[in-house]
Amino acid sequence: MKHKLGLFIFLISLCQSCDLLDAVEFEEPNRYEGCCGIQAVEDTIGKALISIPNAITPNADGKNDAFSIYSTDVLKITSLQVTEQNDLLGIDRSNIPVKRGWTQIWVPKNASGLIVQGLYNYTMTIQELNGQQKTLSGQFCAFLCGEDKVETIPMEDCLFRTQVDLNGHFNAEIPSQDTCSL
7 MKHKLGLFIF
17 LISLCQSCDL
27 LDAVEFEEPN
37 RYEGCCGIQA
47 VEDTIGKALI
57 SIPNAITPNA
67 DGKNDAFSIY
77 STDVLKITSL
87 QVTEQNDLLG
97 IDRSNIPVKR
107 GWTQIWVPKN
117 ASGLIVQGLY
127 NYTMTIQELN
137 GQQKTLSGQF
147 CAFLCGEDKV
157 ETIPMEDCLF
167 RTQVDLNGHF
177 NAEIPSQDTC
187 SL
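Each residue of the sequence shown is one higher than the last, beginning at 7 in the numbering used here.
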């Protein structure tokens, strides 16, 4: 026992006198890297205009809180896959009804119900009522309000749900109206 105590004291004094622990720096990865680097989606299927923002702020203020789709007609998402930037599956859903106007699709939360910020990739197949289908792919970023790393994002490239005009088109001159000060 006496030898173990002596060895323990020796190891502690050794660690205090060396810079080994100070030399190792850990940096948290920037989950926002690449955010808003891909345009928001604006496309048509048949006569329906579809708009999908490339940024959300899930802070429960009633604006820009969920991954959503805007449509000028009733449609159906026959398949949807959303993955995090490290290719972990966020959701895999099918047969999601899309109404005229905005349809909320998903709020990125983990199993504990906490918001998961960062860059997401999605692929969805949309179907018109007559059966015509189109596959759309894109990215969106979920920003947590007050995150330091948000400052590195070119926010002028981010388009939010609240920046869609009355005709369903994105307009960067419309303010995001979010209470989050990005």
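For every residue, glycine included, the Cβ atom is placed at its ideal position computed from N, Cα and C.
Listed in chain order, the beta strand (DSSP E) runs fully inside the region 98-185 are 102-104, 107-112, 124-133, 139-148, counting runs of at least 3 residues. Non-local C-beta neighbours of P59 in its own chain, meaning closer than 6 Å and more than five positions away in sequence, comprise A46, L165, F166, R167, ordered along the chain. Under a 10 Å Cβ-count criterion, T50 is classified as exposed, with fewer than 16 other Cβ atoms of the shown protein chains found around its own Cβ.
In this structure, W112 is the residue among L55, E134, W112 with its C-alpha nearest to the C-alpha of C147. Around the beta carbon of N70, 16 or more other beta carbons sit within 10 angstroms, so the residue counts as buried.
When the five nearest sequence neighbours on each side are left out, the beta carbons in the same chain lying within less than 6 Å of the beta carbon of S143 are those of T129, in order along the chain. Per DSSP, K82 is one residue of the beta strand (DSSP E) stretching across 81-90. The beta-bridge partner set that DSSP reports for T50 consists of L55. Cβ-Cβ separation between C151 and T63: approximately 6 Å, consistent with a contact (criterion under 8 Å).
In this structure, P103 is the residue among P103, G40, G43 with its C-alpha nearest to the C-alpha of T131.
When secondary structure is reduced to three states using DSSP, Y76 falls in the strand class. For the pair E179 and E39, the Cα-to-Cα distance works out to about 24 Å.
The C-alpha of R37 lies about 25 Å from the C-alpha of F176. Cβ-Cβ distances below 6 Å link N136 to nothing in the same chain once the five nearest sequence neighbours on each side are left out.
Contact between D98 and Q110 is absent: CB atoms are separated by about 17 Å, not below the 8 Å threshold. Each of I44, G43, C41, I56 was checked against the Cα of T141, and the nearest Cα belongs to I56. Distance from the CA atom of N65 to the CA atom of G124, rounded to whole angstroms, is 14 Å.
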